[in-house]
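The structure appears below as structure tokens.
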DNA sequence: AATTAAATTTAGACAAAACTAAAAATATTT
DNA sequence: AAATATTTTTAGTTTTGTCTAAATTTAATT
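Written out as structure tokens, the structure is:
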């Protein structure tokens, strides 16, 4: 597996979670910031290697073999993210780019030792589940903050948007994984919500509320 | 800098330590397990980028810019080796290959944070010096065990040959960095030496004695 | 000094992964 | 259903890093 092939597998994996019945060529191209024609070429190669099923004009999906591979890449990515945050004191908006590189280091022993060193974390710093050695991951039935009724106490468990800008905003507001959140008031006119987060009252926009996972 | 370019710089750096007045094309090819013609191509490119000085048939050497780059790569390699041994419990014969991959991850912040996390080590698990952020490294005036006179107590501080086979041999004999060594007897006929290592008496071949650095 | 040997470079080719531009297939509108 | 728009694929190039085989330069030997 080359780095490029791994990047394709990872993107197809992520897109499959949203559209399970075949991933569009254009969607892949968008994610990888490449051209559709390049994607077509690569899909043929990946189909040849039997990690992807691909039929002209029908989009692509992972074979079982491809799924196993993709989960390994996701596992590596997320474990390195935990390492960077927990051990090297990176903030959660800084880790993605570096993990994009680290995820391609392929030693099984390395990744399993790292997993043990980090004490087998179940989730990465954005609340996304980390596949274990067998590819299994914990699923927690999270909801968007925007779907929670008034006065219900909940806990921040992840983010939907994990862009640096959003994460930096959350940092600034001192909102973090584990923060206790209660919605005090929803204003239907402008969709702002008044909330109490870790004992502090503040106002959030709908954009924030639809990108924060709580439980 | 691509991974391939970095590998060339690193190899030229290592070979320069032995032959400071220009590194042979063939020597580079040997180290990288590639062909001389490929090396010629790459040397032209590196000269273009002003990290190497290169004149046809005259061999290559690093420019100042190239030296700075090369030391960064060596720094990354050796810091990752320390990480693998100290934090992930790898043995010293297992780390080289993995560090060969990790050394190409380029974030400055990553490597400086790793350095701090490891408490700014001066030497890697084979006793080789680790350049600091400025490229400076500690030099210790080590000698080969074979050059030490009889009955002189010395301490193992590094290995010349760092092949897995040699390191595994040392492991088996319980010889490690810091081991206390005293030569009891040298047999000039077959060049075997009788030594006391950490209170235990054993016999070493000349091949071992000429590949162990002591102080 | 001439010859042979070794090292190095040139020339031309190839595979991987990307690209552009044009063609073909599928979707969407009218 | 025809026309238009969008998506996807094909065909042909480009770049990077490698290769082989032949040519050239330097080094070693007789």
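Chains as they are written, first to last, in this note's numbering: chain P, 1 to 215; chain Z, 216 to 430. Positions of the beta carbon are idealized from the N, C-alpha and C atoms, including for glycine.
Residue i in three-state terms, based on DSSP
i             : result
residue 61/P  : strand
residue 210/P : coil
residue 196/P : strand
residue 373/Z : strand
residue 52/P  : strand
residue 215/P : coil
Listed by chain order, chain Z residues near residue i by CB distance under 8 Å
i             : result
residue 120/P : Chain Z residues near residue 120/P: none, gap ~14 Å exceeds 8 Å.
residue 79/P  : Correct list: empty, because the minimum Cβ distance to chain Z is about 12 Å.
residue 144/P : Neighbours of residue 144/P on chain Z: none; closest Cβ ~32 Å, over 8 Å.
residue 32/P  : Going along chain Z, no residue has its Cβ under 8 Å from residue 32/P, so there is no contact; the nearest lies around 19 Å.
residue 153/P : Under the 8 Å cutoff, chain Z gives no residues; its nearest Cβ is about 36 Å from residue 153/P.
residue 212/P : Within 8 Å Cβ-Cβ: nothing; residue 212/P doesn't reach chain Z, min ~27 Å.
Limits of the unbroken alpha helix (DSSP H) element including residue i
i             : result
residue 245/Z : 240-247
residue 209/Z : The first residue shown for chain Z is 216 and the last is 430, placing residue 209/Z beyond what the model contains.
residue 11/P  : 3-18
Range of the contiguous beta strand (DSSP E) that encloses residue i
i             : result
residue 201/P : 200-204
Closer than 7 Å at the beta carbon, the chain Z residues around residue i
i             : result
residue 107/P : 313
residue 43/P  : Result: empty, since nearest Cβ-Cβ is about 25 Å, beyond 7 Å.
Partners in chain P for residue i, counting only beta-carbon separations shorter than 7 Å
i             : result
residue 302/Z : 117
residue 316/Z : 105
residue 382/Z : Under the 7 Å cutoff, chain P gives no residues; its nearest Cβ is about 16 Å from residue 382/Z.
Under 9 Å from the C-beta of residue i: neighbouring residues of chain Z
i             : result
residue 6/P   : Within 9 Å Cβ-Cβ: nothing; residue 6/P doesn't reach chain Z, min ~13 Å.
residue 113/P : 299, 302, 303, 304 and 305
residue 9/P   : Chain Z residues near residue 9/P: none, gap ~18 Å exceeds 9 Å.
residue 67/P  : Simply none; closest approach about 24 Å.
Residues that residue i contacts on chain P, provided the C-beta gap is smaller than 8 Å
i             : result
residue 399/Z : The contacting residues do not exist; residue 399/Z stays about 39 Å from chain P at best.
residue 365/Z : Simply none; closest approach about 42 Å.
residue 407/Z : By Cβ distance, chain P contributes nothing, its closest Cβ being about 36 Å from residue 407/Z, past 8 Å.
Partners in chain P for residue i, counting only beta-carbon separations shorter than 9 Å
i             : result
residue 261/Z : None at all; the shortest Cβ gap to chain P is about 22 Å.
If you scan the region 170-194 of chain P from start to end, which runs of the beta strand (DSSP E) of 3 or more residues do you find wholly inside it?
180-186
When the Cβ atoms of the region 25-42 of chain P are set against those of the region 103-111 of chain P, are three or more pairs found closer than 8 Å?
no
Is the number of C-beta pairs between the region 326-344 of chain Z and the region 262-279 of chain Z that are closer than 8 Å three or more?
When Cβ pairs closer than 8 Å are counted between the two stretches, the region 326-344 of chain Z is seen not to touch the region 262-279 of chain Z, the count staying below three.
At what residue ranges does the region 68-124 of chain P contain a whole run of the alpha helix (DSSP H), taking only runs of 4 or more?
95-102 and 108-117
Validate contact between the region 300-317 of chain Z and the region 258-267 of chain Z using beta carbons, cut 8 Å, 3 pairs
With fewer than three CB-CB distances shorter than 8 Å, the region 300-317 of chain Z does not count as touching the region 258-267 of chain Z.
With three or more beta-carbon pairs closer than 8 Å as the criterion, would you say the region 223-231 of chain Z touches the region 280-289 of chain Z?
yes
The region 91-98 of chain P touching the region 157-176 of chain P, judged by at least three CB pairs closer than 8 Å
yes
Report yes or no: do three or more beta-carbon pairs, one from the region 323-336 of chain Z and one from the region 351-368 of chain Z, lie closer than 8 Å?
With a cut-off of 8 Å, the region 351-368 of chain Z and the region 323-336 of chain Z do not count as touching, because too few Cβ pairs lie within range.
May I ask you to verify whether the region 240-247 of chain Z touches the region 171-181 of chain P, counting CB pairs closer than 8 Å and requiring at least 3?
In short, these stretches do not touch, since the Cβ pair count stays below three.
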